[in-house]
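These protein sequence lines map, in sequence, to chains A and B. With the working numbering, the residue at position 34 of the first sequence is 34, and numbering never jumps. With the working numbering, the residue at position 254 of the second sequence is 254, and numbering never jumps.
2 protein chains.
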Amino acid sequence: MLWPDTISKKLGVQYPIIQAPMFGVSTVQMVAAAARADCLGSLALADLSAEESIGLIRETRKLTDKPFVANIFVHHIPEITEALKEKFIKTRQFLEQLAKENDIEVSFPDLEDLKVTPYHELVDVIIEENCKILSFTFGNLDDQSIQKLKENGVTLIGTCTSVCEALMLEKSGIDIICVQGTEAGGHRGTFDPDNVPQIGGLSLLSQVYDHVKVPLIYAGGIYNGKMVKAVKDLGAQGFQVGNLLLASQESALQPFEKERLKKVREDEIMLTKSFSGRYARGVKNKYIEAVEGSEYILPYPYQNKLTNALRKAAKSKQNTDFVGIWTGQSIHQYSELSTEEILKNLIFQI
Amino acid sequence: MLWPDTISKKLGVQYPIIQAPMFGVSTVQMVAAAARADCLGSLALADLSAEESIGLIRETRKLTDKPFVANIFVHHIPEITEALKEKFIKTRQFLEQLAKENDIEVSFPDLEDLKVTPYHELVDVIIEENCKILSFTFGNLDDQSIQKLKENGVTLIGTCTSVCEALMLEKSGIDIICVQGTEAGGHRGTFDPDNVPQIGGLSLLSQVYDHVKVPLIYAGGIYNGKMVKAVKDLGAQGFQVGNLLLASQESALQPFEKERLKKVREDEIMLTKSFSGRYARGVKNKYIEAVEGSEYILPYPYQNKLTNALRKAAKSKQNTDFVGIWTGQSIHQYSELSTEEILKNLIFQI
C-alpha cells in the first residue's frame, strides 16, 4: 500500500498509524513504544490538572525525542447549582449503598473537594511545554484557543462522530479531523453529551470525506492490515488503533482486566454513561446494570470524579463488576506483545 | 475491480450487487429493473399470506426471466395469551386517542381479525413456485425447512447482525450469509427482537469473515463504488444496496416521502420498535416520539399489524408524522433515476 504522505509529513512520522489516547490504559511507555515503531503515540491528558499534565509531557520526553500527540477533553463544565448539589448528595448516597452491598470499602468525596480543570489551562500547558500536536474530543476548541495554538505552531486534530461535527471543526480551522466510527471503544468524542450519534464507520467516514476537505484520521474497529487499506480507500489518511493495544505490555490494565477482555462476548459490549456522565463503550457489569438509565448520573465531569474512588477500590480488589473496562466492537484482538511489536506487525500486514 | 465470481455463479448474475428487499418500498418493477442491470433483485414477501406471495412471485416472473431473491421473515409468532389480549386493548386505545388528537381518521382492527402467516407456509410457496434463491431475516429457518428447501435446489441466504448469529447460520448449513452492519436502514435482521446488536459494518464484516467460511454479502451504508471495493477487501463477495434506491422510479414511496428523505438530518435517524415491535432504522417523527419507550408496543407481528391502519391513513393524508420512513445511516444519496440506471452507475464507478 502507498502510505498517504501529506498527513505523515504534517505529523512528522513515517507511518500515519496513531496509537489512540486511552486515558487510564495508555501510558507514557506506550507513547514511546509507538514512536519506536515509527508510528504516532498519543499522550492522554484528558482533564488532568495542569501540573499533572506537565509531569506526563516531561516524562514522555525523557522516553522519546520523536513527535507525539497530546490529547485533551474540551468539555463545558456545568455550573454548580443548588439542583446539582442535591443530585450529587442523592447520587453519592446511592453509590455508598451500592458499594456497601457489594463489600467494597470506599470513601466518596464531597462536591466541594472535586477538582475540575477548565481545558484552557491545558491549552496553555501545551503551548508552554512546546507540544506540537494537540488532539481533542468532547467538543471544539474556542476560537481564541485555536488562534493561540496556531500562532504557536501546534497542529490541531479534532474528533467527530457525525458529519455535522466534522463541518464545525473544519469551519473553525482545525487541521485534521479524527472520524470516530461507532465501532470505537471508550468515550464517544461527541460534542453534545446527551445526543450521541451511533453512526457506523463505513457510513460516517464516507460521508465526512464527501463533505470536508481537511485530512481525515479514521478511528474505530481497525484490527488488521485489510481494514487499514479499506478505510484508506474510503478517504482516511491516518489510522488510529486502540483495542489492538489494550493488553500490550505497556497497557496500564491489570492482568485481571486483560483476562476479562479476553473472555468478553460481543453482546456484553455496550454504551454507558454510568461511570462518567458521558457515553463510553465498554463491558457490561454489575455496576452498569445498577446505574445505567437511573437518576444517579451526574453530568460530566462530576460523575467521573465521584465514581473514581469506587473504581479505584474495585480495581484494588480485582473486582471486574465495579471497574470500567472499555473496549470497541472488534473484540478478541488483544495481543500481549509490546506496543512496538503489535504496531510493526500491523504495518507488515499492509 | 475483479468481481468475486464464486458468488455470482451461485446466484446466477453477472454482478453480485443485490437490490435490498425493502418491504413497502421495493416493488416487482424494482426487482425486474435490478435484473436488467445484470444485478440481483430481491422480492420482499416479509410475512404476507401465501396467496399474496404467490401473486407477487408470478407478477415478477411476468417482468423478468432472470433470477431473483425471494425474501421472507422467519420470526416466531407469540401465542395469544390473556396478557397479550389485555395489552392489545390498551395499545389500541392509546393509538386511537393519538390518532384522534392528530386528526387522523382510522379504524383499528381487533386482535382476532389480524392475519398472521407462519413462515412455513411461505417456505412451501417458495418450493411450489420454484423460486431458486431465498433470503430471510429475524432468525434462522428450522432444520426441516432447510432440508426441504435444499432438496429442492433453493440457495439459502441468512441475515446476521452479530458473529454469534453468523455462526448459527453457518452451522445449520445456510449457503450465504448477509452481514447487516448497523449502518443499514429498515428492520434489523437480528434474531432476538429485544437484544439488537448495533455493530458497525467495519467491525462486524471483518469479524464474521474471520469466523465463518461461507460466502458473505455485505449490507449497510454502501452508496458508491469505493465502498463496494472497501467491503470487498474486507471479505464480502456480494454487495447489497437499499438506500440508493429509495427514491428511484420503481420505489413505492410517494413523492412526499421522498421529499422528507431528501431533507432528513443525520440526527433524525434512529432505531425504533414503535411501528412493528421489531427494531428498524428510520426517520424520527411525532409517532415515534409518542410511542417509543412506552408500554404501548406489542411483540412483532402484532404491533406491525395493529399500526398498519394508522400508517395507511397517514400516508393517504401525506402526513410524515405518522408513517414509518425507513433509511440507513448513509443519507442524501437518493437518486430519482430508474433502478437500472442507478445500479449501472454504481457498477461504472467500480
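Note that CB positions come from ideal geometry on N, CA and C, so glycine has one too.
Delimiting residues of the beta strand (DSSP E) encompassing residue i
| i | result |
| --- | --- |
| residue 271 of chain A | 269 to 272 |
| residue 19 of chain A | 17 to 19 |
| residue 42 of chain A | 41 to 46 |
| residue 283 of chain A | 280 to 283 |
Strand pairing of residue i, partner residues [DSSP]
| i | result |
| --- | --- |
| residue 155 of chain A | A:133 |
| residue 377 of chain A | Residue 377 of chain A lies beyond the range of chain A shown here (1 to 350); nothing can be said about it. |
| residue 71 of chain B | B:44 and B:135 |
| residue 186 of chain B | B:281 |
| residue 160 of chain A | A:179 |
| residue 3 of chain A | In DSSP, residue 3 of chain A forms no bridge with anything. |
Range covered by the alpha helix (DSSP H) that runs through residue i
| i | result |
| --- | --- |
| residue 345 of chain A | 339 to 349 |
| residue 94 of chain A | 82 to 101 |
| residue 231 of chain B | 225 to 233 |
| residue 303 of chain B | 302 to 316 |
| residue 58 of chain B | 50 to 63 |
| residue 120 of chain A | 119 to 128 |
| residue 32 of chain B | 28 to 36 |
| residue 256 of chain A | 255 to 263 |
| residue 330 of chain B | Run containing residue 330 of chain B: none; DSSP gives neither H nor E here. |
| residue 290 of chain B | 286 to 291 |
| residue 14 of chain A | Here residue 14 of chain A belongs to no alpha helix (DSSP H), and DSSP marks it neither H nor E. |
| residue 207 of chain B | 201 to 211 |
Environment of residue i [buried if 16+ CB atoms lie within 10 Å]
| i | result |
| --- | --- |
| residue 89 of chain A | exposed |
| residue 118 of chain B | exposed |
| residue 75 of chain A | buried |
| residue 348 of chain A | exposed |
| residue 265 of chain B | exposed |
| residue 195 of chain B | exposed |
| residue 273 of chain A | buried |
| residue 301 of chain B | buried |
| residue 55 of chain B | exposed |
| residue 2 of chain A | exposed |
| residue 81 of chain A | exposed |
| residue 6 of chain A | exposed |
| residue 147 of chain B | exposed |
| residue 252 of chain A | exposed |
| residue 207 of chain A | buried |
| residue 165 of chain A | buried |
| residue 113 of chain B | exposed |
| residue 153 of chain B | exposed |
| residue 276 of chain B | buried |
| residue 93 of chain A | exposed |
Under 9 Å between C-beta atoms of residue i and residue j
| i | j | result |
| --- | --- | --- |
| residue 45 of chain A | residue 122 of chain A | yes |
| residue 325 of chain B | residue 260 of chain B | yes |
| residue 125 of chain A | residue 53 of chain A | yes |
| residue 328 of chain B | residue 189 of chain B | no |
| residue 201 of chain B | residue 201 of chain A | yes |
| residue 41 of chain A | residue 33 of chain A | yes |
| residue 216 of chain B | residue 237 of chain B | yes |
| residue 19 of chain B | residue 241 of chain B | yes |
| residue 320 of chain B | residue 283 of chain B | yes |
| residue 182 of chain B | residue 157 of chain B | no |
| residue 31 of chain A | residue 60 of chain A | yes |
| residue 28 of chain A | residue 43 of chain A | yes |
| residue 278 of chain B | residue 138 of chain B | yes |
| residue 84 of chain B | residue 299 of chain B | yes |
| residue 400 of chain B | residue 223 of chain B | Outside the modelled stretch of chain B, which goes from 1 to 350, sits residue 400 of chain B, for which no answer is possible. |
| residue 172 of chain A | residue 130 of chain A | no |
Contact test: residue i Cβ vs the ligand HEM heavy atom, cutoff 8 Å
| i | result |
| --- | --- |
| residue 268 of chain A | Ligands displayed in this structure: none; no statement on the ligand HEM is therefore possible. |
If contact means a Cβ-Cβ distance below 8 Å, which residues of the stretch 198 to 227 of chain A contact chain B?
In summary, the residues of the stretch 198 to 227 of chain A whose CB is separated from some CB of chain B by less than 8 Å are 198, 199, 200, 201, 202, 203, 204, 206, 207, 220, 221, 222, 223, 224, 226 and 227, in the order they occur in the chain.
Residues of the stretch 160 to 194 of chain A in Cβ contact with chain B at a cutoff of 8 Å, in chain order, please.
The stretch 160 to 194 of chain A vs chain B, Cβ under 8 Å: 162, 163, 164, 181, 182 and 183.
Could you name the residues of the stretch 289 to 317 of chain B whose beta carbon sits closer than 8 Å to any beta carbon of chain A, in the order they occur along the chain?
Result list empty, no residue passes.
Any residues in the stretch 254 to 269 of chain B with a beta carbon nearer than 7 Å to a beta carbon of chain A? Which ones, in chain order?
Answer in chain order: 266 and 267.
Got a sec: which bits of the stretch 317 to 333 of chain B sit with their beta carbon under 8 Å from any beta carbon on chain A, in order along the chain?
Taking 8 Å as the Cβ-Cβ cut-off against chain A, the residues of the stretch 317 to 333 of chain B that qualify are 328, 329, 330 and 331.
Contacting positions in the stretch 234 to 250 of chain B - beta carbon closer than 7 Å to chain A:
The stretch 234 to 250 of chain B vs chain A, Cβ under 7 Å: 234.
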